[in-house]
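Chemist: Provided herewith is a single structure, encoded as structure tokens, for subsequent inquiry.
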Amino acid sequence: MKKGLFPANVSAILIPSAYLAVSILLFVFTAKTGIAKISEQRKGLSEARKIQGVLQQKENILRQIETEVPLQVDILANVLPEKNPALTMISQIKNLAAVSETTITTFKIGAQNDSGDLSFVDLNFDIDGGLTEVLSFMNSIKALAPLSTIDKAKINQAGGIASANVTIKIYFAGYPTKLPSLTEAVSDLSEEEKGLLVTFSGLTLPTFTTLTPQEPVSRESPFD
Amino acid sequence: MAAVNLLPSDISPKGPVVKISNLIKSLAIISFVTFLVLALGMVVFFILNSAALKSVNLSSDQLKTSIKTLEETEQGLVLVRDRITKAKQVLDAESGLLETESLGKITASIPLDVSLSEAVISKDLLDVTFVATNSQGLAALMAQIISEESFAKIELVSFSFNPNAGYVPSFSLKEK
Numbered sequence: 001m002k003k004g005l006f007p008a009n010v011s012a013i014l015i016p017s018a019y020l021a022v023s024i025l026l027f028v029f030t031a032k033t034g035i036a037k038i039s040e041q042r043k044g045l046s047e048a049r050k051i052q053g054v055l056q057q058k059e060n061i062l063r064q065i066e067t068e069v070p071l072q073v074d075i076l077a078n079v080l081p082e083k084n085p086a087l088t089m090i091s092q093i094k095n096l097a098a099v100s101e102t103t104i105t106t107f108k109i110g111a112q113n114d115s116g117d118l119s120f121v122d123l124n125f126d127i128d129g130g131l132t133e134v135l136s137f138m139n140s141i142k143a144l145a146p147l148s149t150i151d152k153a154k155i156n157q158a159g160g161i162a163s164a165n166v167t168i169k170i171y172f173a174g175y176p177t178k179l180p181s182l183t184e185a186v187s188d189l190s191e192e193e194k195g196l197l198v199t200f201s202g203l204t205l206p207t208f209t210t211l212t213p214q215e216p217v218s219r220e221s222p223f224d
Numbered sequence: 225m226a227a228v229n230l231l232p233s234d235i236s237p238k239g240p241v242v243k244i245s246n247l248i249k250s251l252a253i254i255s256f257v258t259f260l261v262l263a264l265g266m267v268v269f270f271i272l273n274s275a276a277l278k279s280v281n282l283s284s285d286q287l288k289t290s291i292k293t294l295e296e297t298e299q300g301l302v303l304v305r306d307r308i309t310k311a312k313q314v315l316d317a318e319s320g321l322l323e324t325e326s327l328g329k330i331t332a333s334i335p336l337d338v339s340l341s342e343a344v345i346s347k348d349l350l351d352v353t354f355v356a357t358n359s360q361g362l363a364a365l366m367a368q369i370i371s372e373e374s375f376a377k378i379e380l381v382s383f384s385f386n387p388n389a390g391y392v393p394s395f396s397l398k399e400k
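Heads up: the sequence lines are chains A and B, in that order.
Here this note's numbering is used: position 79 in the first sequence is 79, and no number is missing along the way.
Here this note's numbering runs 224 ahead of the position in the second sequence, where the first position is 1.
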């Protein structure tokens, strides 16, 4: 009778051992590969849930503030305009002088200066009136939009009339040019920012007249 | 029924070898079944995770679309925050505003026989000259300036007497 490759005792151990080894190898390979894949997938899922949370929070905040933001933008665009607001400020100062019983005689606009994020322009003017009125006027400048600071002032008083030469700095700043990425979280305004917004909302904003377009009218010829 | 073994007795495994062989067979079967259970579990888990991931991604895509429709609001919020930050810098900037307010307070409460002659306001500094027609007015002016608590430093820069105008004191006042 033909005998096997190995003796019967060896075969009886070797064959089940080979099955066992294959099973263990399969188990180890599957466990290793599967756990790595699942771990990677869980990580992806966790990341996706995180992004979903950020997007959900962002959408909620934007929906909440959707109606109030345009008004805030209008106020703040006047408080700190994008472009040189010297002419707007001249108009504001003239209006203030009219209600302060003072007279503005001259205006001089200086060159534009840039200091970091902010730019400013100097505005120099002469003002005459009673001392109380002139000082009241100067104190009221802080309540005007665009924002300005008193740089220097020289006041002389003679015969009950005060004359002041005042230089103020009027500030402006370019608008931001980049939006945060879509998946970047946004937050509502902090309490400090809300407080400042209330302060700025109380400033006297410039009024602009919007001219409505009119149809062309036929002009009479002066030679007819 | 009795078991019939047709193999020659010299090629059939003997005593303890059979036991070991059976033990290894059992282990192999257990190991294979465990492998099958593990593989099946992993497949199910993978499918469930895939479904969850797909659902989350779908929801995220919908949110992104919704956020894109609110882009104008987002731009507004960015602008508002930017303006507030920069406007705060202006509020924190040095200004002659406090000096102007202090001068207003002093001139509002000086006696009638004292008048302001000249004032120079700059950041952190107020140089002011008064004319007092008599010594009582001068004393009242001094008391008024000293009682003003907003100044960190009060310096009498010059003091003169003009028989036509009266006492002419000049002060340099520094805000706290």
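Beta carbons are placed, not taken as given, at the ideal position from N, Cα and C, and that holds for glycine.
1) Apart from the five residues on each side of it in sequence, which residues of its chain come closer than 7 Å, Cβ to Cβ, to residue 83 of chain A?
2) In this structure, how does DSSP classify residue 72 of chain A when only helix, strand and coil are distinguished?
3) Considering only their Cβ atoms, is the gap separating residue 96 of chain A from residue 140 of chain A smaller than 9 Å?
4) Taking only beta-carbon positions, decide if residue 281 of chain B is within less than 9 Å of chain A.
5) Nearest-angstrom Cα distance between residue 337 of chain B and residue 391 of chain B?
6) When you compare only the Cα positions, how much space is there between residue 181 of chain A and residue 55 of chain A?
7) Can you give me the start and stop residues for the alpha helix (DSSP H) that residue 256 of chain B sits inside?
8) According to a CB-to-CB cut-off of less than 7 Å, which residues of the stretch 106-118 of chain A neighbour chain B?
9) Could you tell me which chain B residues have their CB closer than 8 Å to the CB of residue 149 of chain A, listed as they occur along the chain?
10) Taking the alpha helix (DSSP H) that residue 324 of chain B belongs to, which residues open and close that run?
11) Alpha carbon to alpha carbon, how far is residue 188 of chain A from residue 70 of chain A? Give it in angstroms, no decimals.
12) What residues of chain B sit near residue 24 of chain A, judged by a beta carbon separation below 7 Å?
13) Quick check: what's the CA-CA separation for residue 183 of chain A versus residue 292 of chain B?
14) Using only the alpha-carbon positions, how far apart do residue 385 of chain B and residue 331 of chain B sit?
15) Tell me, please, whether the CB atom of residue 339 of chain B is closer than 9 Å to any CB atom in chain A?
16) Could you check which residue in B:373, B:371, B:347, B:334 has the C-alpha nearest to that of residue 354 of chain B?
17) Does DSSP classify residue 159 of chain A as helix, strand or coil?
18) Distance cutoff 9 Å, beta carbons only. Does residue 369 of chain B sit that close to anything in chain A?
19) Give me the Cα-Cα distance between residue 329 of chain B and residue 126 of chain A, rounded to the nearest whole angstrom.
20) If residue 24 of chain A sits next to residue 255 of chain B, beta carbons under 8 Å apart, how far is it from one beta carbon to the other, in whole angstroms?
21) For residue 108 of chain A and residue 287 of chain B, I'd like the C-alpha separation in whole angstroms.
22) Hey, does residue 84 of chain A have any beta-carbon neighbour from chain B nearer than 9 Å?
23) Residue 66 of chain A touches chain B at which residues, Cβ-Cβ below 8 Å?
24) Should residue 218 of chain A be labelled buried (16 or more other beta-carbon atoms within 10 Å of its own) or exposed?
25) Apart from the five residues just before and just after residue 168 of chain A, which ones in its own chain have a Cβ nearer than 7 Å to its Cβ?
26) Could you list which residues in chain A have their beta carbon closer than 8 Å to that of residue 302 of chain B, in chain order?
27) For residue 144 of chain A, which residues of its own chain have a beta-carbon under 8 Å away from its beta-carbon, when the five flanking residues on both sides are left out?
28) Among the residues of its own chain, which have a CB less than 6 Å from the CB of residue 163 of chain A, if the five just before and after it don't count?
29) Evaluate contact between the stretch 32-51 of chain A and the stretch 268-281 of chain B, counting only Cβ atoms and requiring at least three cross-stretch pairs below 8 Å.
30) Does the CB of residue 193 of chain A have a neighbour CB from chain B at under 9 Å?
31) Would you say residue 262 of chain B lies against chain A (beta-carbon separation less than 9 Å)?
Modeler: The relevant details are as follows:
1) In the first sequence, the residue the question calls residue 83 of chain A occupies position 83. Correct list, in chain order: 172.
2) Here the question's residue 72 of chain A lines up with position 72 in the first sequence. Correct three-state label for residue 72 of chain A: helix.
3) Working through the first sequence from its first residue, we reach residue 140 of chain A at position 140. Working through the first sequence from its first residue, we reach residue 96 of chain A at position 96. It is a contact, given that the beta carbons lie within the stated cut-off.
4) In the second sequence, counting from the first residue as 1, residue 281 of chain B sits at position 57. So yes, residue 281 of chain B belongs to the interface.
5) Looking up residue 337 of chain B in the second sequence gives position 113. Looking up residue 391 of chain B in the second sequence gives position 167. So the alpha carbons of these two residues sit roughly 11 Å apart.
6) Taking the first residue of the first sequence as 1, we reach residue 181 of chain A at position 181. Taking the first residue of the first sequence as 1, we reach residue 55 of chain A at position 55. Whole-angstrom Cα-Cα distance: 11 Å.
7) Reading the second sequence from its first residue, position 32 is the one you call residue 256 of chain B. It spans 239-293 - the alpha helix (DSSP H) in which residue 256 of chain B sits, taken as one unbroken run.
8) 117, 118
9) Within the first sequence, numbered from 1, the residue matching residue 149 of chain A stands at position 149. Within 8 Å Cβ-Cβ: 314, 317, 318, 319, 320, 321.
10) Residue mapping note: residue 324 of chain B aligns to position 100 of the second sequence, counting from 1. From DSSP, the alpha helix (DSSP H) with residue 324 of chain B extends over 321-333.
11) As a first step, residue 70 of chain A must be located in the first sequence, where it is residue number 70. As a first step, residue 188 of chain A must be located in the first sequence, where it is residue number 188. Those two C-alpha atoms are separated by around 15 Å.
12) Taking the first residue of the first sequence as position 1, residue 24 of chain A is located at position 24. Correct list: 255.
13) For this step, residue 183 of chain A is matched to residue 183 along the first sequence. For this step, residue 292 of chain B is matched to residue 68 along the second sequence. Answer to the nearest angstrom: the Cα atoms are 11 Å apart.
14) For this step, residue 385 of chain B is matched to residue 161 along the second sequence. For this step, residue 331 of chain B is matched to residue 107 along the second sequence. Each residue's alpha carbon lies about 21 Å from the other.
15) Looking up residue 339 of chain B in the second sequence gives position 115. Yes - at least one Cβ of chain A is within 9 Å of the one on residue 339 of chain B.
16) Indexing the second sequence from 1 puts residue 354 of chain B at position 130. If we check each option's Cα against that of residue 354 of chain B, B:334 comes out closest.
17) To locate residue 159 of chain A, count along the first sequence from 1; it is residue 159. Note: residue 159 of chain A maps to coil in three-state DSSP.
18) Mapped onto the second sequence, residue 369 of chain B falls at position 145. For residue 369 of chain B, the answer is no, since every Cβ of chain A falls outside 9 Å of its Cβ.
19) Within the second sequence, the letter at position 105 stands for residue 329 of chain B. Within the first sequence, the letter at position 126 stands for residue 126 of chain A. Using only the alpha carbons, I get a separation of about 22 Å.
20) Stepping through the first sequence from its first residue, residue 24 of chain A is reached at position 24. Stepping through the second sequence from its first residue, residue 255 of chain B is reached at position 31. Sure, about 6 Å apart at Cβ, within 8 Å.
21) On the first sequence, residue 108 of chain A is found 108 positions in, with the first residue counted as 1. On the second sequence, residue 287 of chain B is found 63 positions in, with the first residue counted as 1. Approximately 53 Å between the Cα atoms of the pair.
22) Start at 1 with the first residue of the first sequence, and residue 84 of chain A comes out as number 84. Not an interface residue.
23) Here residue 66 of chain A refers to the residue found at position 66 of the first sequence. Chain B residues near residue 66 of chain A: 294, 297.
24) Taking the first residue of the first sequence as 1, we reach residue 218 of chain A at position 218. Exposed, because fewer than 16 other Cβ atoms sit within 10 Å of the Cβ of residue 218 of chain A.
25) The residue given as residue 168 of chain A occupies position 168 in the first sequence. Closer than 7 Å at Cβ, skipping near neighbours: 123, 141, 148, 149, 150, 151.
26) Residue numbering aside, residue 302 of chain B sits at position 78 when the second sequence is read from its first letter. The contacting residues are 176, 179, 180.
27) In the first sequence, residue 144 of chain A corresponds to position 144, counting from 1. Here the set comprises 89, 92, 93, 96, 203, 204.
28) As a working note, residue 163 of chain A is residue 163 in the first sequence. Cβ neighbours of residue 163 of chain A beyond the five flanking positions: 128, 156.
29) yes
30) Taking the first sequence and counting its residues from 1, the one referred to as residue 193 of chain A is at position 193. Taking Cβ atoms only, chain B reaches closer than 9 Å to residue 193 of chain A, which makes this a yes.
31) By 1-based counting over the second sequence, the position of residue 262 of chain B is 38. True, the Cβ-Cβ gap to chain A drops below 9 Å.
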